[in-house]
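4 protein chains.
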Amino acid sequence: MLNIADTMIVGIIGATGYAGAELVRLLAGHPEITKIVPASVSFQGERIEEVYPNFQGVVSAVLLKPEAAVDKADVVFAALPTGVGEAFAKACMEQGKNFIDLSADFRFDDDEATFTAWYGKPYIYPELRQRSVYGLPELNRARIRELAVRGPLIIGSPGCYPTGASLGIYPALSLGIAASGAAIIIDAASGVTGGGREPSRSFHYPECADSLAPYKVGAHRHTPEISRNLTFMTCASSSPVIFTPHLAPMNRGILSTIYIPLAEVCRLEQRAQPRPPAKAVTERAEEIRERYAAFYEHEPFVRVLPKGGIASTGRVRLSNFCDISVHLDQTGTMLIIATAMDNMVKGAAGQAIQNMNIIYGFDERAGLTAPPASF
Amino acid sequence: MLNIADTMIVGIIGATGYAGAELVRLLAGHPEITKIVPASVSFQGERIEEVYPNFQGVVSAVLLKPEAAVDKADVVFAALPTGVGEAFAKACMEQGKNFIDLSADFRFDDDEATFTAWYGKPYIYPELRQRSVYGLPELNRARIRELAVRGPLIIGSPGCYPTGASLGIYPALSLGIAASGAAIIIDAASGVTGGGREPSRSFHYPECADSLAPYKVGAHRHTPEISRNLTFMTCASSSPVIFTPHLAPMNRGILSTIYIPLAEVCRLEQRAQPRPPAKAVTERAEEIRERYAAFYEHEPFVRVLPKGGIASTGRVRLSNFCDISVHLDQTGTMLIIATAMDNMVKGAAGQAIQNMNIIYGFDERAGLTAPPASF
Amino acid sequence: MLNIADTMIVGIIGATGYAGAELVRLLAGHPEITKIVPASVSFQGERIEEVYPNFQGVVSAVLLKPEAAVDKADVVFAALPTGVGEAFAKACMEQGKNFIDLSADFRFDDDEATFTAWYGKPYIYPELRQRSVYGLPELNRARIRELAVRGPLIIGSPGCYPTGASLGIYPALSLGIAASGAAIIIDAASGVTGGGREPSRSFHYPECADSLAPYKVGAHRHTPEISRNLTFMTCASSSPVIFTPHLAPMNRGILSTIYIPLAEVCRLEQRAQPRPPAKAVTERAEEIRERYAAFYEHEPFVRVLPKGGIASTGRVRLSNFCDISVHLDQTGTMLIIATAMDNMVKGAAGQAIQNMNIIYGFDERAGLTAPPASF
Amino acid sequence: MLNIADTMIVGIIGATGYAGAELVRLLAGHPEITKIVPASVSFQGERIEEVYPNFQGVVSAVLLKPEAAVDKADVVFAALPTGVGEAFAKACMEQGKNFIDLSADFRFDDDEATFTAWYGKPYIYPELRQRSVYGLPELNRARIRELAVRGPLIIGSPGCYPTGASLGIYPALSLGIAASGAAIIIDAASGVTGGGREPSRSFHYPECADSLAPYKVGAHRHTPEISRNLTFMTCASSSPVIFTPHLAPMNRGILSTIYIPLAEVCRLEQRAQPRPPAKAVTERAEEIRERYAAFYEHEPFVRVLPKGGIASTGRVRLSNFCDISVHLDQTGTMLIIATAMDNMVKGAAGQAIQNMNIIYGFDERAGLTAPPASF
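Residue numbers (the numbering used here), protein chains in the order written: chain A, 222 to 596; chain B, 222 to 596; chain C, 222 to 596; chain D, 222 to 596.
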C-alpha cells in the first residue's frame, strides 16, 4: 500500500515511554514523514519537549489523547504495555490505517493459548489477527509486503530479546548448520532502558549500577516468541529454547550469546583436557561465518562481522543494526553466535520504522541511516 | 604447618597490580598479620601509598624488589603475570616459606602439556609441582591441610572465572544431578578490573563504558582450568566445557550463568510452544536448590541463596562470598546455575588469603569478615 | 559517659534506607558492639538480610518497630527523614540513652527559625536542643565530649555536603588565610546514593547514567548548615555561602570544589592574558597546603594530601576519610580546595559512628579502620 | 566563499582520534558533502571501518597519509594534537582550500606569547594567523563570513571547555549583567572522551569509573582561551578567570557551572543565616533568564532553557546544542549559569562543521539536525 498523498502524518501512542520517545527521535529525521502526532495518557496536554527536554527546539507538539492521535494520523505506532492497545488497532483497521504495535499483543498470531499462558490475559478482539503480521523483516518481509497491498495492516513488532536471538539463529537453522532438534541456549543481557521509564527499585541507579545479574530465569515472556520464530525458521517443530536474560549496567543495548549444537562436528583428536582451537576448528568457524554473511548479504540492517570481529553493543549504539559474530568452541562441536543491537532501535523503535518503510515501499533504510555512535 | 612465632610477616610480590593492591587492602585488616612487605618490579623504591593514594594514612611501606620481600617474609603472595614467578616459588621452598601464587603457573599440577598448550611456555622448574596444590578450598581443602603440615607449600590459587564456574557446577556433578558426560556451558562476564591495571585500548573508559561484549570466544585460557576441576569433581573423565567470557561495564564482579543438562528431567506434557514453568518444575528447582544448600552448608564463603534469590555481583561486592542461585529452564530439562562473586576477592586476593588461613590453621574467615558493600 | 556494662547494644531506626544499611554494615564490624537491633517502619517484621541480601550470612536480624529498638538498645542511631525522629530522641532522653540522629532535626541547635525556613516545619520538642550537639567532630569534638559526661546526649550528625564543605573551609577561616567576609563558593557533586533508596525518576538508572547536572541551584537545604558552620569557625558573622550541588553518575562519593578568596594575594606582574602559575604561586600554594596539613595533623579521618595530590572520590571509597587537596588559581588570588569523601560513610553512617566512639570514649577509629577500596 | 562545484570533498586529518571519528560520523550524514577522505598517520593504509567497526556498512574508506587527503579535498578538517597541523594549514592556504583546525594552534590569533606560555612552543608559520579566525560562531560569525569571501581561511575551532564557558558568560558581560572586572569562576566537568583515544592510566576504566576529581587546578590550558574570549566580549580588559576542570565518569558531555558576580544585586533584608530565595530573587533570576533567551534568540544551537529548566549533559547527547540554565544564589548577589553540551559535538566536531557551514553559506544546521538522544 503505497502512500500517494502529499503528506504523511504519523501518530505515536505511548509517546512518553522510552520506546515512544525513541520513535519521536527517529521519525523527526525521517525523510518521508510530514508530521508527528504524539499521544500519551499519563502526560496528555503537556508538550513532548517538556517531558523530554532534549527535544526542545527540535520537536514541538502537544501530547494528545490516543484517540485523537489515531484520528489525525495516516499511520499509527503504539508503544503501550501489552493488553491495552487492541482498541486502537481496531480503530485503525476501521479507519483504514496501518497500525504498528510494539507490545506483545500481535506477536503470536492466532496462537492465543500461548499468548494467554505467558501474559495472563486473552485477546480482546481475536479477529484482528487476521490482519496482523509479525514484524521481523528479516524473517518475513515478503509476507509483510504481501499483506500491505491488501489493506490496512497490523504489525506485531518483535520484542527486543527475540530480535537478537532470532537473527543469530536463523542462518544456522535455515542452512542446516544446527543439529536438528537440539536445545538452543540464549544467554542475553539488556541495558536498563529495557525496563522502561517508570521508576522502580530494580532500575534505581544505586541498585543496578556496577552490578550484573540474571532475572526471570527460565520464565521470561520472550521465550515463547523466540520459540515460535524458530518453528517458523525450520518449518517444523521447534528446537527447545532455553533463554536467560540479564540486566547489565548500561543504558542501551542487548547482547545475546547463543549456543547452537552443530549438525556436523569437527573430528578432532581426543584429549583428556581441552586444547586451544585447532586449525580445523578456526577454519570451520570461518566457513560458517561466510555462510552467515552470504545469508544476510542483502539485509540492510544485519552486519555479519568480518573474520575476527566480535559483536559488541558499543558498536551499534543508536543504530538499527544487528551485528553478528560467529564462533566455535575449542572442540568444534558448538556454534557460538554473538549478536549485538541497540535494544531501543533494532529492538524497538527502529524496527517498527523499518516495518513502516516496508509497508509504504519507502527505502527500507529511510530515517535509519545515521551511523552508530562511536562512543 | 602452624605458625608458632610471635610475628607473621607477609610478602606481596606484584603488590601494585590490582590483585596485589587488593591483597594489601585485605591483609591490612587481617588479625594474624604483623606486617606487610610489598614488592614491585615496576615501582620499586616508591611507596605503596604513592602508587595507591587510597592507602595514605592506612598502609605505609616502601616497595622492595621481590627478592628482598621473599627474604623478609614468613609467607609470600605472588600476584604476577603467568610465567615469571617460579623463581620466587623456588626461593621460598628453599627458605622453607609458603608461597601463594595467583598466576596460572601452579594451577595445572603435573599436566605441563595442558599448561604449555594454553600459555605457550614450559614449566621452568617442573619439580616444584611436587610441593604445589590447587587452591580452591571448597574442592580440596583437605589436601591443602594435608600438604601444609608436611613442609613449605605452593598454592596455585585459582583463576577468577574457574572459581565461579567450579563452585556452581560442583554439587551438580558430585551429587549426580548433572547428566553424565553432557557438555556444560558457562557464560560469564567480568568487571574491568579483571583486565588488570595496565592501560590498553580494550579497557580505556570510553571503549568499554556502556557496552557489553564477549571476548576470546572458544579460546580463553581458563577453559582447561575449569575442565580440570570438573575432572576432579567427577573422579572421571570430564564433561566437555564450553566457556564464553564477556567484559561488562563495571569495576568488580564476575557473574557466571551455567547450563547443566539434568540427569533426570521433569516429564511434562509436550506442547508445540513453551509454557511458563509448571509447578513440577518449580518444585524440582527448589529440591535441587536445597541439595545445593546442604552441599555447601559448612562452607564459610559459599552462599546458596534462599528460594527466589538470584545471584547478583552487586550483592557480593568487596567480600569473599560466592553467591549461588539455582534455577531450571521452563521445561525442566536444564539446570541453570548463576554464581556471583567479587573477581578481585573470591576471584583473586580473598581466595589467596583463605588459602593462607587454611595453611596456618587460622580461622578461615580471618581478614575476610567484612560484609559485602550494599552499593 | 563511658559504657561500663559488658554489652553494648545498638539500635538503628530507619535501618533499611541507604544510610541505615551503611550503619549496619559498619557496626557489624565494630569491635565494641555486642549486638545490632535494626528497626524499620516500612519493612517491620521482615529480616534485614532479606531487604539487603548482601548481608546474608553476615548480619541476621528481624526488623523491629522503632519503639522496640529504642527499648532494647543502649544507644540509638536514627536514619530517618527530617521531622519524624524527635519522638524517638525524646524517648531516648527519658530512658537515659544517647541518640545519634542523621537527619537535620538537631543540626541547627536553638536556631529554629533557620530550620523552619528551610525545612518548612517547626521543632516538635524544642527543649531537646538543650541536650543536642552538632556532630562534626573536627569542629566541636571537645563540646561533644563535654556534654557526653553530663548525661544522655543527642547528636545532630551533619549533612553530607556540609561535612565536605566545612572541613575544606575550616583551616582557611581559622588560620586567617581567607579574606574576611568574602563570599565562599562551594561547587559540589554527589553520587546517587545521596538521593536515598526510594525509586524516583531523578534517580532512575537511564535518567542519571552517563549524565551530569546541577540541582536546587541557590536553594539547597544544606546551605544554611554550611553557613552556620562558618559562623562557628570564625566566631563572628559568617562569610556568605554560595553552594551548588550536582548529581554525578556514580554510586558513592561527594566531591566539593571550594573557592575561597585569599586574605593576602600573590603580587604578580600584570598581563593582559593569564599565564601558567608562576613559581611564587606554586610556592604559596605549598605553604598553605602545609598549614592545612598541620591544622589537621591529629585528625584521624582528615587527610590533607601531599604536594601534587588531588582529592578524588575514588580514593576514599567505603572509608571515613575526608581527603583535602590545596590549590591556588594561576593568579594566586583564589584558594581552591577540593575535598572528597564517601557520602555514605564520612557523609553519613561513618561520621555517626565516629560520634558514638567519641561519646563512649572508644578509639575514635573503632569500626572505621578498613582502608578505602582501591577500585 | 560559496562552493560552486558539483562536488564537495572533505578531508579529515587525524580521523582516527575521537574528534576525528566524530567528524566522520557527522559528515557522513551531511547533505552537502559528496565524499569524505580520512587520513591518519598512525593507521595509514588501514580502513576507517576497521579502526571504528561501528562504521562498517556505513562509511568505507582507506586512511590516507595527511598530505594525500589535503590534495584530494576541497576543505580540510584537522583533529591533531596542538603543534603538528600548521604545515597542513600552510598547504591548504597555498592550494586555496579552507582549513578547519580543532587544535589550539589557531585559537590565539597573533598573541603568540600567550600561546607559547601555555603550550610551550612557538608558532611555526606565524604569518598564517593573517588568514585565521577563532571559530566560535556565536561570538564572531560575522567575522568568519567576512573573511570567508576574501579567500581561503583557517578556522581555529574552539576548545571544548571554552565553548561551554564562553556561551554561558557572553550575555552577562555583553548586557552588563555582570559586575565589571570581578573574577568569574568556571567549575566544569568533562566526560572521559575529552581525554582522547590513547590509553593511559587516568582514563583506564577502573581508575575513573564511579569516581570524580578535579585536575590541573589553576593550570589548565583552556584558561587563557576563555580569558581571551571574555576580553573580546567586553571589548576591554578581561575579568579574571578562575577555571577548574573535573573528570566525570561518563563518556560524553561537558557541564560548566559558572559564578558571575552581579553588577546590580538584590537588596534583601539581612539575616545572620541564609534563607531560601525570596520572591525578589526568583523574579530577578527569571528576568535575567529572559534576557539570556532574547540574546540567543536567533542562535540555532544555543538553547536557553525555560523557567525551571536545569542544564544537563544528558539532554544534549550527540547534538550540537549548548543548553544554558540561569540561576541566582539565595542572596541574589551571584549569577549562576549552568551550560551543558556534548564535548565531542558542540565541543569539537559539530562546532567545526558549523564553521564549515558558515564558510560555505550552507544552512548552519546542515548535518547537525539530529535530535539529542533521550538516553
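Just so you know, even glycine gets a beta-carbon here, dropped at the ideal spot from N, CA and C.
Given the structure is predicted, the values throughout are model-derived calculations rather than measurements.
Close beta carbons around N361/A, own chain, < 8 Å, minus the five adjacent residues each side: Leaving aside the five residues that flank N361/A on each side, the residues in its chain whose CB is nearer than 8 Å to its CB run, in chain order, V354, Y355 and F453.
Measuring only the C-alpha atoms, how far is E585/C from V502/C? Their backbone Cα atoms lie some 37 Å apart in a straight line.
Unbroken beta strand (DSSP E) run spanning L549/D, endpoints: For L549/D, the uninterrupted beta strand (DSSP E) segment begins and ends at C543 to L549.
Is there a Cβ from chain B that is less than 8 Å from the Cβ of R586/C? The C-beta of R586/C comes no closer than 8 Å to any C-beta of chain B.
Give the range of the beta strand (DSSP E) segment to which N578/C is assigned. For N578/C, there is no enclosing beta strand (DSSP E); the enclosing alpha helix (DSSP H) covers residues G571 to Y581.
Let me check one thing: in DSSP terms, what residues is S477/A bridge-paired to? In the DSSP secondary-structure assignment, S477/A is bridged to A409/A and T560/A.
In angstroms, rounded to a whole number, what distance separates the CA positions of V486/B and G397/B? The alpha-carbon atoms of V486/B and G397/B are separated by roughly 12 Å.
Short CB-CB distance (under 8 Å) between Y344/B and chain A: Put simply, the CB of Y344/B is far from chain A, with every gap to its CB atoms at 8 Å or more.
Within 10 angstroms of its Cβ, does R488/B collect 16 or more other Cβ (buried), or is it exposed? Sixteen is the threshold: since fewer than 16 other Cβ atoms of the shown chains lie within 10 Å of the Cβ of R488/B, the residue is exposed.
Check each residue of the segment 266-277 of chain D: if its Cβ is closer than 7 Å to any Cβ of chain A, include it; give the result in chain order. Hits within the stretch, in order: Y273, P274, N275, F276 and Q277.
Scan the segment 420-436 of chain B for residues whose Cβ lies nearer than 9 Å to a Cβ of chain D and list them as they occur along the chain. So the list reads P420, S421, R422, S423, F424, H425, Y426, P427, E428, C429, A430 and D431, given in the order they occur along the chain.
Just how far apart, CA to CA, sit S460/B and M565/C? Roughly 46 Å separates the two Cα atoms.
Chain A within 8 Å of A514/B, Cβ atoms only: Not an interface residue.
Nearest residue (CA-CA) to T444/D, options L301/D, S540/D, L556/D and W339/D: Comparing Cα-Cα distances from T444/D to each of L301/D, S540/D, L556/D and W339/D, the minimum goes to W339/D.
Please list the partners that A242/C has in chain B, where partner means a Cβ-to-Cβ separation under 7 Å. Here the neighbours are S595.
Can you find a CB in chain D that lies within less than 8 Å of the CB of N319/C? Under the Cβ distance rule, N319/C does not count among the residues neighbouring chain D, no pair being separated by less than 8 Å.
Check this for me: beta carbons of P212/D and Y436/D, under 8 Å apart or not? Given a span of 222 to 596 for chain D in the structure shown, any question on residue 212/D remains unanswerable.
Under the DSSP definition of a beta bridge, which residues are partnered with K256/D? Within the DSSP bridge table, the entry for K256/D names I230/D as partners.
Using the C-alpha atoms, what's the distance from T237/C back to D544/B? If I take the Cα positions, the gap works out to 22 Å.
Alpha carbons only, please: which of G535/C, P379/C, E446/C and A587/C is nearest the one belonging to D332/C? The option with the nearest alpha carbon to D332/C is E446/C.
Cβ closer than 8 Å: which chain C residues qualify as neighbours of M565/D? The contact set of M565/D on chain C, defined by CB atoms closer than 8 Å, is empty, because the minimum CB distance reaches about 13 Å.
The segment 382-394 of chain D contacting the segment 472-487 of chain D, beta-carbon criterion three pairs below 8 Å: Yes, they touch.
Cross-strand partners of G662/D (DSSP beta bridge): The structure shown has nothing for residue 662/D, since chain D only spans 222 to 596.
Secondary structure of T337/D, DSSP reduced to three states: Correct three-state label for T337/D: helix.
Distance cutoff 8 Å, beta carbons only. Does M562/A sit that close to anything in chain G? Given the protein chain composition of this structure (A, B, C and D), no chain G is represented.
Does A325/C get closer than 8 Å to chain D when you measure Cβ to Cβ? It does not: the Cβ of A325/C has no partner Cβ on chain D nearer than 8 Å.
Does the distance from the C-beta atom of A289/A to that of I230/A stay below 8 Å? Cβ atoms of A289/A and I230/A: not closer than 8 Å.
So, is S421/D buried or exposed, given that buried needs 16 or more other C-beta atoms within 10 angstroms? Counting the other CB atoms within 10 Å of its CB gives S421/D a total below 16, which places it among the exposed residues.
List the DSSP bridge partners of V245/B. In the DSSP output, where bridge partners are listed per residue, V245/B has none listed.
Less than 8 Å between C-beta atoms, sequence neighbours within five positions excluded: which residues of the same chain meet that for E428/B? Apart from the 5 residues on each side of it in sequence, E428/B sits with its Cβ closer than 8 Å to the Cβ of R422 in its chain, given in chain order.
In the structure shown, what three-state DSSP assignment does T534/B receive? In this structure, T534/B counts as helix in the three-state DSSP scheme.
What are the start and end residues of each continuous beta strand (DSSP E) run of 3 or more residues lying completely inside the segment 440-502 of chain B, in chain order? Runs found: 462-468 and 475-482.
Please determine if the segment 399-415 of chain D and the segment 402-417 of chain B are in contact, where contact requires at least 3 C-beta pairs separated by less than 8 Å. Fewer than three pairs of CB atoms, one per stretch, sit closer than 8 Å, so the segment 399-415 of chain D makes no contact with the segment 402-417 of chain B.
Is T465/A close to chain B, meaning its C-beta is less than 8 Å from at least one C-beta of that chain? Answer yes: the Cβ-Cβ gap between T465/A and chain B drops below 8 Å somewhere.
Comparing the C-beta of R449/D with each C-beta of chain C, is any distance below 8 Å? Under the Cβ distance rule, R449/D counts among the residues neighbouring chain C, one pair being separated by less than 8 Å.
With distances taken Cα to Cα, identify the nearest neighbour of K599/C among P358/C, A393/C, P274/C and A457/C. Nothing about residue 599/C can be reported from this structure: the residues present for chain C run from 222 to 596 only.
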